Amino acid sequence: MQAGEKAVFTIPPELAGTKSRCPADIPANLPPNQALQFDVELISLITITDILDNEGILKKTMKRGVGNDKPCDLDEVLVNYNACLEDGMSVSMSEGVEFNLAEGFFCPAFARAVETMTEGEEVVLIVKLEYGFGERGRPSIGDEAAVPPDATLYVYLQLMSWKTVRHIGQNGTILKKTLRRGNLEGQHTENQAVVGEQVSDGLEEAVLTMWEGEVSLFTIPPQCLQDQHVVVPPGSSVTYEIELVSVVNGGGGDEWLGIDARDAVWELWLAHVGRQREEGRGQGWGWRGGGEKERLQLLQCALRLVGRRRAKVLLLLVAASAAVCAGTTGGWRGATCG
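In terms of the numbering used here, the sequence shown is residues 9 to 346.
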């Protein structure tokens, strides 16, 4: 049957159990050797999935999500949940908690279940003790009730959204966290070339993984930093938050050489493009040597290097570096390229 379907089922005596006696759930006045008829309406259908094929985590899908993509590996997920005991007592709940799938949250069943869900999906989990809190249970924590030993948990879980986290670059040394997905129908920077002394290899590799409109956070390790103009303490990583505003393939002329870079630098700075943070330290970032005039000359020179084909991609990258300078010196105004 399908949800909403109505049907009449006729059950012969040998299958209905009425041939020799009357089952306890059938009226006693039913004659023996009598066929039974049932009017059945299937109001709704709830899918139950045995996630691990051992009945340790059963998933009842209450509302299907959007699309087919599912979080995995290092992704950071945002969920709503309410975990209860068999008697209905809530032991933990939250509207909007974020956690990393690799690290898990609350109990082992959470990460296992979320990996099977799509965005917006709502489920009820039946969690056996092996994937809950086991034979020891869990003591009360703050306002949350204790979980008794050997308890089965019933968990309402909704996957709100997630941020994709993955390793990119050579040997997977750069960590990328996607804060806002780009337009997959727009342009991609893959196979674009980036030229310029102001751009480190790590930053170039990072931008070349982005889609138009995407906002991502990149953590670049020391070995991938070759930017001679950014003061980085030895052994420190750098984190950039980058928005790829647009990708434009250059035309056949030299019109890109007259681009005014000021607006690009300011726009990217407002979007926190090129924002850098030193891991675990409170020191700020500086621009080594030279005044504003020298920095603008470097920007102009870098833009000229790309010629007529790749100016926009380089503009984004150089502007990201220039934005660091702008943020620390307040000297973004007048940054032109001619």
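Glycine included, every Cβ here is placed at the ideal spot set by N, Cα and C.
Values in this document were obtained by computation on a predicted structure and should not be read as measured data.
Work out the CA separation of residue j and residue i for me, nearest whole Å.
i      : j      : result
Ile51  : Gly12  : 5 Å
Ser254 : Cys92  : 48 Å
Pro20  : Ile56  : 30 Å
Asn88  : Glu130 : 9 Å
Ile65  : Ile59  : 6 Å
Glu127 : Tyr248 : 27 Å
Trp219 : Glu94  : 47 Å
Val240 : Ala214 : 18 Å
Leu133 : Ser102 : 16 Å
Thr69  : Ala110 : 23 Å
Ser169 : Glu106 : 9 Å
Trp221 : Ser148 : For the record, residue 221 in the displayed sequence is Gly; it is not Trp. For Gly221 and Ser148, the distance between alpha carbons rounds to 45 Å.
Pro230 : Gly243 : 6 Å
Val122 : Arg174 : 17 Å
Asp61  : Asp83  : 24 Å
Ala119 : Glu143 : 20 Å
Gly112 : Leu233 : 32 Å
Gly96  : Gly190 : 42 Å
Is it right to say residue i is buried, meaning 16 or more other beta carbons lie within 10 angstroms of its own, or is it exposed?
i      : result
Pro157 : exposed
Gln45  : exposed
Gln178 : exposed
Ala201 : Confidence at Ala201 is low in this model, with a pLDDT of 46, below 50, so its placement is unreliable and the value that follows should be read with caution. Ala201 should be labelled exposed.
Phe17  : exposed
Pro39  : exposed
Gly290 : Residue confidence is low: Gly290 scores 36 on pLDDT, short of 50, so the model does not pin down where it sits. No coordinate-derived value is stated.
Ser245 : buried
Gln10  : exposed
Asp77  : exposed
Val85  : buried
Gly180 : exposed
Lys67  : buried
Val155 : buried
Leu53  : exposed
Ala43  : exposed
Ala319 : The predicted model places Ala319 with a pLDDT of 47, which falls under 50 and marks its position as unreliable, so this point remains unresolved.
Leu161 : buried
For residue i, does the three-state DSSP call read helix, strand or coil?
i      : result
Gly261 : Per-residue confidence for Gly261 stands at a pLDDT of 42, beneath the threshold of 50, marking its modelled position as unreliable; the derived number appears in the next sentence. Correct three-state label for Gly261: coil.
Ala91  : strand
Val122 : helix
Glu212 : helix
Cys80  : coil
Leu252 : coil
Glu22  : helix
Leu50  : coil
Gln166 : strand
Leu133 : strand
Contact defined as beta carbons within less than 8 Å: I believe residue i pairs with residue j. What is the distance between those atoms, to the nearest angstrom?
i      : j      : result
Phe114 : Ser98  : Not a contact, Cβ separation roughly 13 Å.
Ser224 : Leu183 : About 10 Å separates the two Cβ atoms, so there is no contact after all.
Lys171 : Glu63  : Their Cβ separation, rounded to whole angstroms, is 32 Å, which puts Lys171 and Glu63 out of contact at 8 Å.
Gly104 : Leu167 : Contact doesn't hold; Cβ gap of about 12 Å is too wide.
Gly140 : Ala117 : 6 Å
Ile176 : Thr124 : Their Cβ separation, rounded to whole angstroms, is 25 Å, which puts Ile176 and Thr124 out of contact at 8 Å.
Leu252 : Ile228 : About 16 Å separates the two Cβ atoms, so there is no contact after all.
Asn108 : Tyr164 : About 21 Å separates the two Cβ atoms, so there is no contact after all.
Lys14  : Glu49  : 5 Å
If you follow the beta strand (DSSP E) that residue i is in, where does it begin and where does it stop?
i      : result
Phe141 : Phe141 -> no beta strand (DSSP E), and no H or E assigned at all.
Ala43  : Segment: none, Ala43 is in no beta strand (DSSP E) and carries neither H nor E.
Ala5   : Since the displayed the chain opens at 9 and closes at 346, residue 5 lies outside it and no answer follows.
Gly160 : Reading the sequence as shown, one finds Thr at residue 160 and not Gly. Counting along the chain, Thr160 falls outside any beta strand (DSSP E), and DSSP gives it neither H nor E.
Gly101 : The sequence given here has Met at residue 101, not Gly. Taken as a continuous stretch (DSSP letters only), the beta strand (DSSP E) holding Met101 covers 98-108.
Phe226 : 223-228
Arg72  : Element bounds for Arg72: n/a, residue is neither H nor E.
Asp151 : Unbroken run through Asp151: none, as it is neither H nor E.
Val173 : 173-176
Arg188 : 182-188
Ile56  : 55-58
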